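Below is one structure, written out as structure tokens; the observations come after it.
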Amino acid sequence: MLLIDTHAHIYDEQFDQDRDAMLERAEAAQISQIWMPNCAQETVAGMMALAERYPERCLPMMGLHPTYVNNTFEVELAAVEDQLNRNAFMAVGEIGLDFYWDMTFVDQQFEAFRTQLRWAAEQQLPVSMHTRSGNDRSHGGRNAFAEAADVIEHLALPGLTGVFHCFVGTLDEARRAIDLGFKLGIGGVATFKNGGLDKVLPHISLDDIVLETDSPYLAPVPYRGKRNEPAYIRIIAQRVADLMQINIEDVARHTTANAQALLPALYANLLPE
Ligand SMILES: [Zn+2]
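Here the sequence shown stands for residues 210 to 482, where the numbers follow the numbering used here.
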């Protein structure tokens, strides 16, 4: 049984004291690949050091995270573009819209998002998308998923695909993401009592999801609130199996195949026999 963690910030300083041990635990948990989303220029060096040390296990993405978009975003975007032209990456990410923390640079967030979606389509790379809504959607909080889906629809970029990372939407939103040709990234929220994914997962196909931890954030129950790590992907896989009433081996086989199908040709040689 092989698993892929499609979204983990394992270069984060929270792993500085025990990164090798954390990666050993991931290997013992049969995690064949860990995909690393970039945040901004400040995270590139740590991420690339891991990609060089573990070229077949730790695969880097390149992108500017929406919560890092501010009045210097054009400088940050130029650095992303430069990296995309110079180095190999498995995806453009993480990119998207965040209406939760701060709306000051929301116009710039949209511009950065559109620009990076275009680069992904040009380079034929998948995207890892962050869509975090504002507080209390029913009372004026904006729905980041819906607005991101609108952007993707309007741009209609040929061949664009990827993952709605940390999907926490409704069944209608899940179907919209799937219709757009994207996978749903299912993580620790699936194990939360009020996470809402119990109303979504039983009604969609195993072919439309991939697994992720979003380490060091969003640890699954019983580690909720503590540091998350890739080895916990097994807990998420088991929870998905329970909600879909299938066995964990089927969850692993399908989600790993779904993830591998997203990989650009350059990484095709990593596919296990
Ligand atoms: Zn992330």
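C-beta: ideal position from N, C-alpha, C; glycine also. Owing to the predicted nature of the structure, the values given are computational and were not obtained by experimental measurement.
In three-state DSSP terms, what is Lys408?
Counted from its first residue, the sequence shown places residue 408 at position 199. Three-state DSSP puts Lys408 in a helix.
For a quick check, are the C-beta atoms of Tyr441 and Ala428 less than 8 Å apart?
Residue 441 sits at position 232 when you count from the first residue of the sequence shown. Residue 428 sits at position 219 when you count from the first residue of the sequence shown. Their beta carbons are under 8 Å apart, which means Tyr441 touches Ala428 by this criterion.
Let's see if you can read the secondary structure: which residues bound the beta strand (DSSP E) around His339?
Here the question's residue 339 lines up with position 130 in the sequence shown. Under the DSSP assignment, His339 falls in the beta strand (DSSP E) whose first and last residues are Val336 to Arg341.
Suppose the cutoff is 7 Å on Cβ atoms and the five residues either side in sequence are ignored; what does the same chain contact list for Ala249 look like?
Position 40 of the sequence shown holds residue 249. Residues of the same chain with a CB within less than 7 Å of the CB of Ala249, apart from the 5 flanking positions on each side, are Leu273, His274, Tyr277 and Glu285 in chain order.
Say yes only if the C-beta of Glu303 is nearer than 7 Å to one or more non-hydrogen atoms of ligand 3, and no if none qualify.
Of the ligands one can find in the structure shown, namely ligand 1, none is ligand 3.
Which of helix, strand or coil DSSP assigns to Leu232
For this step, residue 232 is matched to residue 23 along the sequence shown. In the three-state DSSP reduction, Leu232 falls in the helix class (H, G or I).
Three-way DSSP call (helix, strand, coil) for Pro269 in this model:
Within the sequence shown, the letter at position 60 stands for residue 269. Strand, per DSSP.
Check for me: the beta strand (DSSP E) holding Ala249 runs from which residue to which?
Sequence index remark: in the sequence shown, residue 249 carries index 40 (1-based). Counting along the chain, Ala249 sits inside no beta strand (DSSP E), nor does DSSP assign it H or E at all.
Any idea what DSSP makes of Ala365, helix, strand or coil?
Start at 1 with the first residue of the sequence shown, and residue 365 comes out as number 156. Shown here, Ala365 sits in coil according to DSSP, grouped into three states, outside any helix or strand.
Can we say the segment 370–382 touches the segment 328–342, given the rule of at least three CB pairs closer than 8 Å?
The answer is yes - the segment 328–342 touches the segment 370–382, with three or more Cβ pairs under 8 Å.
Per-residue burial, Met245 [other beta carbons within 10 Å of its own, 16 or more giving buried]:
In the sequence shown, residue 245 corresponds to position 36, counting from 1. Buried.
Check whether the Cβ atoms of Thr215 and Glu421 lie closer than 8 Å to each other.
Taking the first residue of the sequence shown as position 1, residue 215 is located at position 6. Taking the first residue of the sequence shown as position 1, residue 421 is located at position 212. Cβ distance < 8 Å, so Thr215 and Glu421 count as in contact.
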